[in-house]
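**Student:**
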Amino acid sequence: MPTVSVVLATRNQARWLDQAIAGVRAQTFTDWDLWVVDDGSTDDTPAVVARHADDPRVRSLREPHRERAAARNRGIAASTGALVAFLDGDDWWLPGKLAAQVAALERNRDAGWSYARAEVVDTDGRPLGERKPKRLVRGDVFAALARGNVLILSSVLVRRTCLTEAGGFDTTLPVLGCEDWDLWLRLASRWPVAVLEAPLVCYRRHDENTAREQVLESALAVIDRHWADPETPRRSGCSRARVRALHRWWHAAALAGVSRGEALDHARRALREAPRTLLSRPALHAVAALARPA
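Right under this line is the structure:
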């Protein structure tokens, strides 16, 4: 049984997948197995995975297309490692990633999971001068994470016992896009997190990333689900209306230079839901973006 099982769910990402798998194979921590779950790809994904058949630690599952939450759950169920790491097919890891995170969890026995910073790169892997998250959150991170997802999925390592107790990825969300945030909230509500400051993951930004509108709709669905529990506003110190409004402000800021009309619509909706958020940082960013000449 390996110490770490890596779950890589992918669909039609053949052009980047080789780099993702090679990054796992290059890890200085070698006690791992990798489960590549092909979520019904129609490209050369099987051929790319086959290139790594010389390494018995690389295993593959080919599934009918059921979306990434179900594919990740399939990988979790098939694997046996005491620790579970997640990786997307368009991202990759630096060689010391697993070693640093395994050591961090050994030092922090109370922590149920760990994450590291990610370097944002473009389609061709060139750094864009941005790191996620910008500000690290440590320990009991529920209140900070309740305001929005700042973690990159490919940076997370979790104890299997905690993952089992919290449950896997929710396949019943009406819109996918923030199913990882939903899981992080469930983990954060129970266990502190161990944090690595160094960027150990490369997160690729490209035209095939989940569309902004889909991410927003998924975020609102996650908010509605979690804030149905009266403990969530108490623990987070933030009302459902405020969190929904903050997400709309973030979305408005992102859209301001692309679709001014849509950005204004989200700004108006945010004001209707929670007028006091006008002085929040996301709102000020959105207002500044909207004030720039078209």
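Residue numbers (this note's numbering): 1177 to 1470.
Ideal Cβ placement from N, Cα and C applies to all residues, glycine included.
As the structure is a computational prediction, the values presented were derived from the model and not from experiment.
1. Whose C-beta lies closer than 6 Å to the C-beta of A1198 among residues of the same chain, with five residues either side of it excluded?
2. Identify the residues that DSSP records as bridge partners of D1264: which are they?
3. I'd like to know whether the C-beta atoms of L1259 and R1336 end up nearer to each other than 8 Å.
4. Ignoring anything shorter than 4 residues, give me the alpha helix (DSSP H) runs that lie fully in the stretch 1198-1260, in order along the chain.
5. I think L1376 touches A1276, with their Cβ atoms under 8 Å apart; what is that distance to the nearest whole Å?
6. Give me, in chain order, the residues of the same chain whose beta-carbon lies closer than 8 Å to that of V1297; leave out the 5 immediate sequence neighbours on both sides.
7. Going along the chain, which residues of its own chain have a beta-carbon closer than 6 Å to the beta-carbon of T1408, five neighbours each way excluded?
8. In angstroms with no decimal places, state the Cα-to-Cα distance between R1235 and A1294.
9. Using the C-alpha atoms, what's the distance from F1345 back to E1355?
10. Excluding the five sequence neighbours on either side, which residues of its own chain have a C-beta within less than 8 Å of the C-beta of L1237, listed in chain order?
11. Count the other C-beta atoms from every protein chain shown that fall within 10 angstroms of the C-beta of D1264, then say buried if there are 16 or more, exposed otherwise.
12. Of all the options S1394, R1452, A1387, which has the alpha carbon lying nearest to the alpha carbon of S1415?
13. So which of G1324, L1184, A1246 has the shortest CA-CA distance to F1262?
14. Helix, strand or coil: which one does DSSP assign to P1350?
15. Consult DSSP for P1368 and reduce its assignment to one of helix, strand or coil.
16. Between T1179, G1216, V1224, T1206, which lies nearest to L1193 when the distance is taken from Cα to Cα?
17. Mind reading off the beta-carbon distance from A1439 to L1431? Whole number of angstroms is fine, and I expect it under 8 Å.
18. Within its chain, find whatever has a CB closer than 8 Å to the CB of F1349; leave out the 5 residues flanking it on each side and keep chain order.
19. Please go through the same chain and pick out, in chain order, the residues whose beta-carbon is closer than 8 Å to the beta-carbon of M1177, but skip the five residues on each side of it.
20. Straight-line CA distance for A1322 to A1374?
21. Among V1419, L1312, A1428, W1360, whose alpha-carbon lies nearest the alpha-carbon of L1333?
22. By the three-class DSSP mapping on this structure, what secondary structure does P1409 have?
**Tutor:** Walking through what the data contain:
1. Result list for A1198: empty, nothing under 6 Å.
2. Note: D1264 sits in a beta bridge opposite A1185.
3. Contact check for L1259 against R1336 passes: the beta carbons are separated by less than 8 Å.
4. If only uninterrupted alpha helix (DSSP H) runs of at least 4 residues are considered, those enclosed by the stretch 1198-1260 are 1221-1226, 1244-1254.
5. About 6 Å; that satisfies the 8 Å criterion.
6. Around V1297: P1303, L1304, C1378, Y1379, R1380, R1381.
7. Here the set comprises H1402.
8. One C-alpha to the other measures close to 25 Å.
9. Straight through space, the alpha carbons of F1345 and E1355 are spaced by roughly 6 Å.
10. Closer than 8 Å at Cβ, skipping near neighbours: W1211, V1212, V1213, D1214, R1250, G1251, A1254.
11. Classification for D1264: buried.
12. Taking only the C-alpha atoms, the option nearest S1415 is R1452.
13. Checking every option, the nearest Cα to that of F1262 belongs to L1184.
14. Reduced to three states, the DSSP call for P1350 is coil.
15. Here P1368 carries a coil assignment [DSSP, helix/strand/coil].
16. Residue V1224 holds the alpha-carbon nearest to the alpha-carbon of L1193 among T1179, G1216, V1224, T1206.
17. About 4 Å separates the beta carbon of A1439 from that of L1431, a gap short enough to meet the 8 Å contact definition.
18. At residue 1349 the sequence reads Leu, which differs from the Phe that was named. Here the set comprises A1245, E1355, D1358, S1394, A1397, V1398, R1401.
19. Excluding its 5 nearest sequence neighbours in each direction, M1177 has C-beta neighbours in its own chain below 8 Å: T1256, G1257, A1258, listed in chain order.
20. Rounded to the nearest angstrom, the two C-alpha atoms are 24 Å apart.
21. The option with the nearest alpha carbon to L1333 is W1360.
22. P1409 carries a helical assignment under DSSP once its states are collapsed to helix, strand and coil.
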